[in-house]
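One structure is given here, and the rest of the page talks about it.
Number of protein chains: 2
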Amino acid sequence: MVTKKKKIKLKEGVSEPTLKRLPGYLTYLKRIQKLGHINVSAPTIASELELDPTQIVKDLTVTGIKGKPKVGYNIAELILTIEEYLGFNKKNEAFLVGAGKLGQAILSYHELQGFGINIITAFDIDPKKINTEYGKTVILHMDKLGDLAQRLGVSIGILTTPPNVAQKTAKAMVKSGIKAIWNLTPVKLKLPKGVIVQDTSMFANVAILLKKFHDLHDIKPD
Amino acid sequence: MVTKKKKIKLKEGVSEPTLKRLPGYLTYLKRIQKLGHINVSAPTIASELELDPTQIVKDLTVTGIKGKPKVGYNIAELILTIEEYLGFNKKNEAFLVGAGKLGQAILSYHELQGFGINIITAFDIDPKKINTEYGKTVILHMDKLGDLAQRLGVSIGILTTPPNVAQKTAKAMVKSGIKAIWNLTPVKLKLPKGVIVQDTSMFANVAILLKKFHDLHDIKPD
DNA sequence: TAGATTGTTAATCGATTAACAATC
DNA sequence: TAGATTGTTAATCGATTAACAATC
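Sequence order for the protein chains is S and C.
If you count the first sequence from 1, position 23 lands on 23 in our numbering, and the numbers rise without skipping.
If you count the second sequence from 1, position 20 lands on 20 in our numbering, and the numbers rise without skipping.
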């Protein structure tokens, strides 16, 4: 046996910070590609994104892309390589659970398609929402989740319920066969080991913003 | 002169990771407070949130809270202390710019009030949205932003426009007197030094989720 | 008192940054 | 060729974790 099985860590030496930066590179690369650029160097990306050039090079290395000294990277190739590396070109079919405002925002956020994420169906328990369509996505009752997950083989779930039902809902999702949950609620979910949970508290960042703001502007007289 | 002025870094040794964890503590503390608990210890918080006990203690130390050995922290006091420390009890009046789906989600996300953030007015350029109300928030034309920011003394802005107009819009916000921007677009903004920008790319986290998911489930035959 | 927990200081771990050789 | 840039290895920096004394 040569490979040890760890919990749900990332494979061999790919750091989360690196992974978080890659989508930002994509956004930038697509923009300059549209502008007609063909190649781009790490120092250029770095100065645009206010990062360290070495960091860019290192980050890109993990994707397997090969650059040319003095020239940089081919933009088209780089985009494809990053997308491939991150799995954006895979069929990432997902269910969205909780069709409130945030859920609706996610449903209509076309940028998600750039991640290969394809929201098949949304679920809710509000009778007023059931069987309505949001954009091109139908909203079904939570009851149907288990059956549909099974039949369609969907195993990615996006959790956008109110906080007070988040835990309960997540549990039901897992029971229905969901294996990876993008958790947009501020609740820390307790789920069986083996289920991948990615917490995205939009509001953690607000704390930083406010702190910086007040530290800078509320200068107390000594 | 005893205090050196740095760029827009956080004051004396408060790390961003710590700041990002504090709102999570708040969410948890409020929940157990509602359950009737009076005190809570760092090890308890740690096991609930799957963090290291020492890390909790250290994080809480920065807020100035005092705990009792063997007992822990008084929950009510702890909540107030964290909120005070983060500036959540200040009058954090903000403008929201870009009243699309994501903007609307933010407008209707009541959790934001827990951060002391009070969205005064929303702005857009879509004639169909101008002068309509969303919840209790009026949507005005961007034209009015400068004047209102001045008159109301609002200096926090929430940027939720489409990516392609994000840079332009942010520039206009700064010109109108906005000093801190919560940037919910995936675009890296170029703004004058001194303006605080907090990027929140909801989607950076999706990259991690997908990567973990595919690493775990797409086992390639050797 | 005994023992769990706080709060601080030291050690470890990992990510970022620097240095530098290879190369186009 | 000269020089900018890649790609890798080493050094630094900062955050997390461990150790431990103080204390209720």
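Note that CB positions come from ideal geometry on N, CA and C, so glycine has one too.
query: How about Ser276 (chain C): is its C-beta nearer than 8 Å to some C-beta of chain S?; result: The shown model of chain C, from 1 to 222, leaves out residue 276 (chain C), and the question about it has no answer.
query: Put Leu191 (chain C) into one of helix, strand or coil per three-state DSSP.; result: coil
query: Assuming Gly279 (chain C) is part of the beta strand (DSSP E), what are its boundary residues?; result: This structure gives no information on residue 279 (chain C), because the portion of chain C shown stretches from 1 to 222.
query: Enumerate in chain order the residues of its own chain whose CB-to-CB distance from Phe115 (chain C) is below 6 Å, with the five nearest sequence positions on each side excluded.; result: Phe88
query: Of all the CB atoms in chain C, is at least one closer than 8 Å to the CB of Leu210 (chain S)?; result: yes
query: Using the three-state DSSP reduction, which class does Ile156 (chain C) fall into: helix, strand or coil?; result: strand
query: Start and end of the beta strand (DSSP E) containing Gln198 (chain S)?; result: Ile196 to Asp199
query: Is any beta-carbon of chain C found at less than 8 Å from that of Lys128 (chain S)?; result: no
query: How is Ala122 (chain S) classed by DSSP in three states: helix, strand or coil?; result: strand
query: Give every residue of the same chain whose Cβ lies closer than 7 Å to the Cβ of Tyr25 (chain S), excluding the five residues on either side of it in the sequence, and list them in chain order.; result: Ile45 and Ile82
query: Out of curiosity, what's the CA-to-CA distance linking Lys144 (chain S) and Gly103 (chain S)?; result: 18 Å
query: Less than 8 Å between CB atoms is the rule here; does Leu216 (chain C) satisfy it with respect to chain S?; result: yes
query: Between C:Ile130, C:His37 and C:Ser201, which lies nearest to Leu112 (chain S) when the distance is taken from Cα to Cα?; result: C:Ser201
query: What residues in its chain sit with their C-beta under 8 Å from that of Lys211 (chain C), if we drop five residues either side in the sequence?; result: none
query: Counting Cβ pairs, one atom from each stretch, are 3 or more of them under 8 Å apart for the stretch 63-75 of chain C and the stretch 131-140 of chain C?; result: no
query: Pop quiz: Leu107 (chain C) and Ala94 (chain C) are said to be a contact at Cβ under 8 Å. What is the actual Cβ separation, rounded to whole angstroms?; result: That pair is no contact at about 11 Å.
query: Please report the straight-line C-alpha distance between Glu39 (chain S) and Ala172 (chain S), rounded to a whole angstrom.; result: According to the sequence as given, residue 39 (chain S) is Asn; it is not Glu. Cα-Cα distance, rounded: 48 Å.
query: Which class does Thr54 (chain S) belong to by DSSP, given the choice of helix, strand or coil?; result: helix
query: Is the Cβ of Lys168 (chain C) closer than 8 Å to any Cβ of chain S?; result: no
query: To the nearest angstrom, report how far apart Ile196 (chain C) and Leu78 (chain S) are at their CA atoms.; result: 31 Å
query: Please name the residue or residues paired with Ala180 (chain C) in a DSSP beta bridge.; result: C:Ile156 and C:Ile196
query: Please determine, among C:Gly177, C:Lys34 and C:Ile32, the residue with the shortest C-alpha to C-alpha distance to Pro192 (chain C).; result: C:Gly177
query: Which residues in chain C have a C-beta closer than 8 Å to the C-beta of Gln198 (chain S)? List them in chain order.; result: Asn205, Val206, Ile208, Leu209 and Lys212
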